[in-house]
Amino acid sequence: MASITFREVEGSSPKYWLLFGALGLFVLFGALAWNYMHHHGHVVTGMDNQIVWGLPHVFAVFLIVAASGALNVASIASVFNKPMYKPLAPLSAILALALMAGGLLVLVLDLGRSDRLIVAMTNFNFKSMFTWNVFLYSGFFGLVGVYLWTMLDRNVKAYSKAAGTAAFIWRLVLTTGTGSLFGFLIARELYGSSMLAPMFIIMSFAYGLAIYLMVLAAAYAWTGRPLGDAVMMRLKSLLAVFVAAVLYFVVVYHMTNLYFTKLHSVEAFVLRDGGIFTTLFWVGQILIGCVIPLVILLTALGKQRMWIMIACALIIVGGVMQMYVTIIGAQAYPLDMFPGLTEKSSYFDGEVHAYSPSLPELFLGLGGVAVALLMTTFAVKVLRLLPASLDDATVAKLEH
Amino acid sequence: MSELKPMSEQAPNSPERRRFINAATATAAGLAIAPGVMLYEVAHGRPEEQAASSAVRWGMLVDATKCATGCDDCVSACSTENGWTPVAESAHPKQAPQWIRKLELQDPLTQMETNLPMMCQHCAEPPCVDVCPTGASFKRADGIVLVNRHTCIGCRYCMMACPYKARSLVHESLNDTQKPDVPRGIGCVESCTFCVQKIDRGDGTTACVEACTAAGHNALVFGDMNDPESEISKRLRELPTKQVRADLNLNLGVRYHGI
């Protein structure tokens with residue numbers, strides 16, 4: 000098998016520092032947003048006692064789910080022994096770590112008492128899915144960190160497959176845990192389903208790969224390194240399979256709910272009467288997130304790089320909208336404490352809850368995205384993560 | 000039976016009897032030291048060093064047939080006792096904490112209307128306690144579900160898990176209506192405590208029940224559901240009651256009649 004030369008990006012051009020500065024600015028905005036929310040309390044957000052998890056959770060959960068998915072390219076290389084994916088693996092691992100860090104940061108900075116983070120790390124209730132996730136996230140950093148080390152250091156290269164396999168299994172458990180944050184909730188009609196765990200896993204495959212493809216293409220375009228069609232075509236076909244699988248899971252999930260009479264009204268809310276949530280579901284999650292990308296990726300359009308990038312961007316946007324529907328839509332629908340009766344109270348029982356995200360929430364979420372991208376931008380400068388060339392000839396040699 | 004003498008006939012200074020009494024006294028003393036076994040103590044308020052007892056299960060009966068339309072005396076009493084601002088006075092009603100609220104129900108077919116107070120149901124199997132990552136949400140031995148203000152990180156997972164929407168996050172800095180024996184704080188989650196400060200003082204009832212009784216409605220009864228002689232136990236034996244969302248099988252501390 001031919002060897003591949005990995006090289007740091009030079010990172011001294013004005014363009015690099017412009018990107019670095021722009022991302023840094025968003026990190027700063029995120030920090031200011033957190034400071035504002037922390038100082039005044041959640042009263043300055045659009046969240047209330049009805050919509051208790053808002054836009055920050057949408058970003059946080061999306062990033063965490065995408066993080067585990069971004070690791071897939073590396074897993075295909077070392078767990079499933081596909082030589083073509085080997086040069087793509089280090090970026091996959093660093094992106095996974097960066098997205099996870101960004102997501103977790105948003106999650107913990109949105110706590111009512113983010114100053115008590117140490118309490119969350121020292122007091123555990125092992126019946127809580129949240130506690131499980133604390134360990135799953137920490138373990139993810141550890142395992143992916145070790146995995147990355149085995150890829151970068153020739154002395155420990157022999158352990159790469161073992162580390163990669165451990166990280167792969169761990170990430171599957173992790174996304175199961177993330178899906179189960181919602182799946183293990185009995186109170187709300189749209190949760191409390193084991194479907195959420197595998198659905199989140201397949202969503203992570205799609206979101207993570209879409210982000211990976213965009214970062215890869217951007218890195219190669221901006222550094223002037225050759226990136227051949229072989230890599231792009233292989234990855235975009237994989238992406239199409241993942242997106243189709245997401246669509247399948249979403250259809251099965253809603254079809255199951257539609258069969259149960261007690262869930263008819265909540266399904267009608269999401270699919271027909273939910274206003275913004277219905278729009279976000281059909282236009283955002285289904286059309287933008289699944290159908291249009293599938294059309295692009297599976298037709299002749301998918302042969303053009305620009306269209307692949309558009310498909311990736313749509314999958315990401317659709318993914319964020321899916322999280323919005325999954326997290327906020329489920330809370331917007333009122334709890335059904337007395338089935339068959341109408342409910343009214345000063346606590347907004349029986350009403351569909353409105354939610355308008357505030358600017359600080361948006362910037363906190365975007366700050367997490369910026370942290371992830373900034374970490375990646377910095378990592379490719381200081382570590383040898385990217386092959387000097389991924390042109391078709393170099394890649395073809397790997398497979399023979 | 001004939002071998003047994005009546006107590007009065009027994010010699011007062013019988014060594015055997017004295018030994019028995021000594022042993023019994025020692026056992027009783029031991030039991031008193033062991034946390035939460037001395038039942039009678041509860042009625043008089045527990046000493047601070049004594050833990051709550053699982054021999055007691057505090058509970059409430061809500062007779063919705065007696066709950067008056069438009070009356071919110073229970074809500075006002077709770078607000079006064081526990082120091083949370085009434086929602087009508089809040090600048091941010093959607094974000095204002097509400098430990099108890101009046102719920103108006105109506106059957107769209109029959110037009111039958113029902114009134115009832117809704118608050119923490121003090122489940123024996125509380126979902127909020129299950130999901131709390133730090134263990135800040137906890138159930139006391141006597142069935143009261145509480146939030147530890149020192150370890151609540153404000154993640155709101157309990158609010159996502161509660162089927163009764165019983166919990167509130169404190170969204171903003173608190174004003175000076177705070178009560179010394181009802182600790183609250185910005186960024187923490189809170190809910191009905193069954194007036195735990197009153198229970199521990201030995202009042203044996205809650206502010207909402209007192210208010211409802213004072214108004215002459217008598218829709219609320221509070222007491223020890225484990226004590227067969229308590230008023231609540233007697234009433235629960237007579238009245239058909241339901242648990243809200245009984246399908247979840249959470250074994251609630253609040254039982255409703257007339258729903």
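Going down the list, the protein sequences come from chains A and B.
Numbering that gives the first Met the number 0 puts the last residue of the first sequence at 399; the count rises by one with no breaks.
Numbering that gives the first Met the number 0 puts the last residue of the second sequence at 258; the count rises by one with no breaks.
Glycine residues also receive a C-beta, built at the ideal position from the N, C-alpha and C atoms.
This one's a predicted model, so the numbers in the text were calculated from it and none came from an experiment.
- For GLU171 (chain B), the chain A residues whose C-beta falls within less than 9 Å of its own C-beta are HIS39, GLY40, HIS41, VAL42 and VAL43, listed in chain order.
- At a Cβ-Cβ threshold of 8 Å, ARG56 (chain B) and ASP141 (chain B) count as neighbours.
- The contact set of TRP33 (chain A) on chain B, defined by CB atoms closer than 7 Å, is empty, because the minimum CB distance reaches about 13 Å.
- Short of 6 Å from the beta carbon of VAL145 (chain A), and not among the five residues preceding or following it, lie these beta carbons of its own chain, in chain order: ALA162.
- For chain A, the residues of the segment 68-88 of chain B that bring a beta carbon within less than 7 Å of one of its beta carbons are VAL86, in chain order.
- LYS178 (chain B) carries a strand assignment under DSSP once its states are collapsed to helix, strand and coil.
- The C-alpha of ILE152 (chain B) lies about 47 Å from the C-alpha of GLY223 (chain A).
- In this structure, the beta-carbon distance from TYR206 (chain A) to ILE315 (chain A) falls below 8 Å.
- DSSP, read as helix, strand or coil, puts PRO197 (chain A) in helix.
- With fewer than 16 neighbouring CB atoms inside 10 Å of its own CB, ASP152 (chain A) falls in the exposed class.
- Listed along chain A is no residue with a C-beta nearer than 8 Å to that of VAL253 (chain B); the closest approach is about 12 Å.
- Exposure of PRO225 (chain A) is indicated by the presence of fewer than 16 other C-beta atoms within 10 angstroms of its C-beta.
- LEU212 (chain A) has its alpha-carbon roughly 16 Å from the corresponding atom of LEU300 (chain A).
- Looking at the DSSP output, HIS256 (chain B) bridges to B:ASP62.
- For MET128 (chain A), the CB contacts under 6 Å within the same chain, skipping 5 residues up- and downstream, are SER179, LEU180 and PHE183 in chain order.
- The beta carbon of SER229 (chain B) sits closer than 7 Å to those of GLY222 and ASP223, all from its chain and outside the five residues before and after it, given in chain order.
- In this structure, DSSP gives MET336 (chain A) a state outside helix and strand, which the three-state scheme calls coil.
- Counting only runs of 4 or more residues that sit fully inside the segment 130-190 of chain B, the alpha helix (DSSP H) segments are 156-160, in chain order.
- If you draw a straight line from the Cα of ALA166 (chain A) to the Cα of CYS194 (chain B), it comes to about 49 Å.
- Separation of the CB atoms of SER136 (chain B) and CYS157 (chain B) is rounded to 5 Å, and the pair is thereby assigned contact status at 8 Å.
- Note on MET99 (chain A): 16 or more other CB atoms within 10 angstroms of its CB, so buried under the neighbour-count rule.
- Listed along chain A are LEU110, GLY111 and ARG112, each with a C-beta nearer than 7 Å to that of GLY153 (chain B).
- Taking ARG100 (chain B) as reference, the option from B:PRO227, B:ASN217, B:GLN110 and B:LEU115 with the minimal CA-CA separation is B:LEU115.
- For the segment 170-203 of chain B, the beta-carbon criterion of a distance under 9 Å to any beta-carbon of chain A is satisfied by HIS170, GLU171, SER172, GLY184, ILE185, GLY186, CYS187 and VAL188.
- Across the set B:CYS154, B:ASN250 and B:PRO179, the C-alpha of B:CYS154 shows the shortest separation from the C-alpha of VAL169 (chain B).
- Distances from the alpha-carbon of HIS38 (chain A) to those of A:ARG112, A:VAL107 and A:VAL8 put A:ARG112 closest.
- As the crow flies, the alpha-carbon of LEU106 (chain A) is around 15 Å from that of PHE134 (chain A).
- About 5 Å separates the CB atoms of ARG244 (chain B) and PRO162 (chain B); that is less than 8 Å, so the two are in contact.
- Considering only A:PHE199, A:LEU238, A:GLY138 and A:TYR190, the residue with the shortest C-alpha distance to TRP169 (chain A) is A:GLY138.
- Between the alpha carbons of ILE198 (chain B) and ARG45 (chain B) lies a gap of roughly 9 Å.
- Membership of LEU219 (chain B) in the beta strand (DSSP E) is indicated by the continuous run 219-223.
- Rounded to whole angstroms, LEU365 (chain A) and TYR219 (chain A) show a C-alpha spacing of 24 Å.
- Within 10 angstroms of the beta-carbon of ASP335 (chain A) lie 16 or more other beta-carbons, which makes it buried.
- Looking at the backbone, the Cα of PRO386 (chain A) and that of VAL43 (chain A) are separated by about 46 Å.
- A contact between stretches requires three or more CB pairs, one per stretch, nearer than 8 Å, and the segment 353-360 of chain A meets this requirement with the segment 44-60 of chain A.
- In chain order, VAL42 make up the part of chain A whose C-beta sits under 7 Å from the C-beta of HIS91 (chain B).
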